[in-house]
Amino acid sequence: MKRIAVFTSGGDSPGMNACIRAVVRTAVYHGIEVYGIMRGYKGMIKGEIVKLDSASVSNTVQKGGTLLKSARSQTFMTKEGRQQAFDQLSNHKIDGLVAIGGNGTFTGAMLFEQEFGIPTVGAPGTIDNDLYGTDYTIGYDTAVNTALEAIDKIRDTADSHDRCFFIEVMGRDSGYIAIPCAIGGGAEIVMIPETQMSTEAVIDTLRTGWKRSKTSFIVIVAEGDEENNATTVAAKVKEAIPELDTRVTIIGHVQRGGSPTAADRLLGSQIGIAAVEGLMNGMHNVMAGIVDRKLVYTPFHETIYKKKLINQSFMRMVEILSV
Ligand code: F6P
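Structural data, given as structure tokens:
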């Protein structure tokens, strides 16, 4: 392996820069030339490929976002798009790729490697923590802490005004962000796509609390269930318990930004090194991850199609702690 390229694709996540930095410095350490592809697959197709060295990634480990920028590309979903991307990589004599991103990124990477044979190792970069093959994804810890900070502040005003807040957090189709937010934020209820709690059950729990003279409530709603989002659930609750003063807060993209936590800097660095050394050792079509504190490489088709299950004991914790 003489020349590799690294890119970030899909939603950005805090810690991606730590990962890019580790990829670049590991390559330099082993005497491999390294390039950065700007704007994910979009930039790959256009040939936005720049040479990187150790100094290119100085003063980046603590920064949020991604210095390589990110994008979602429709053109890469077509055979012609992937052909153009391959031509650009061939022009630069790239013989290995590190793809930092989530499910969509790895779906593209798997297809691309099958068609054109450039060995690719993935790094799990998404706030959603929804990837099979790693206990945590890069950016998840920061996103949860950012959301918790917001929830703590909402709690102050919820308590002052005796209100019930429905707080929507990100996570795409998964409740991984919602669960620690509910436990750490002292929520009464958590609604996640995996368990599909009914609005009736939410109403029952709030009514019971209200009768017991509880005056303020926090309900964490994961964004994944479109029918039962924070706004629709809050409206149904208001109709059923009119005396409850309800409010909705959607935390939104603030969860994607900010300086990465120590855990995300460490994970990003660990995975970045593992991705390059994996490529050097002949790994390809796999994602590097950490499971039970050990480095593992999981085939892309497993990370994409296997569901990472939510530990049911966390749901029980929310129930016990909100009694
Ligand atoms: O995958 C990360 C994520 O932030 C999800 O939690 C969310 O559903 C989605 O990306 C939002 O995407 P966009 O930034 O394109 O609106």
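Quick note: the sequence shown, position 170, residue 169 per numbering that gives the first Met the number 0, numbers continuous. Glycine is no exception: its CB is placed at the ideal position from the N, C-alpha and C atoms.
Take K1, set aside five residues on each side of it, and the residues of its chain with a beta-carbon closer than 7 Å to its own are I31, E32 and D94, in chain order.
In the structure shown, the three-state DSSP call for K237 is helix. DSSP, reduced to helix, strand and coil, places G138 outside both helices and strands of the structure shown, so it counts as coil. Residue pairing for I48: DSSP places it in a beta bridge opposite I36. D11 is classed as buried because its beta carbon has at least 16 other beta carbons within 10 Å across all chains shown.
Taking a cut-off of 8 Å for Cβ pairs, the segment 105 to 116 and the segment 249 to 268 do not touch, as fewer than three such pairs fall below it. When the Cα atoms are used, M76 and Y175 turn out to be separated by approximately 28 Å.
One alpha carbon belongs to P13, the other to K210, and they sit about 42 Å apart. Around V27, the same chain offers V33, D52 and S53 as residues with beta carbons nearer than 8 Å, after the five sequence neighbours per side are excluded. Here the C-alpha atom of Q87 lies approximately 13 Å from the C-alpha atom of G39. Burial state of A84 is buried, judged by a 10 Å Cβ sphere holding 16 or more other Cβ atoms. Membership of L294 in the beta strand (DSSP E) is indicated by the continuous run K293 to P298. The Cβ-Cβ distance between G132 and K305 falls below 9 Å. With the rule of 3 Cβ pairs closer than 8 Å, the segment 235 to 243 does not count as touching the segment 103 to 112. Apart from sequence neighbours up to five positions away, the residues of its chain that approach V285 with a beta-carbon distance below 8 Å are V120, G121, G277, Y296, T297, P298 and F299, ordered along the chain. In this structure the segment 147 to 162 does not lie against the segment 16 to 27, because fewer than three pairs of beta carbons, one per stretch, are closer than 8 Å.
Taking the Cβ of I99 as the reference point, every heavy atom of ligand 1 lies at 8 Å or farther away. Contact annotation, R171 with G223: C-beta distance approximately 6 Å; criterion of less than 8 Å satisfied. Distance from the C-beta of Q254 to the nearest heavy atom of ligand 1 is below 8 Å. Around the CB of S89, fewer than 16 other CB atoms lie within 10 Å, so the residue is classed as exposed. Within the segment 172 to 225, the runs of alpha helix (DSSP H) that reach at least 4 residues and sit entirely inside it are, in chain order, 177 to 183 and 198 to 210.
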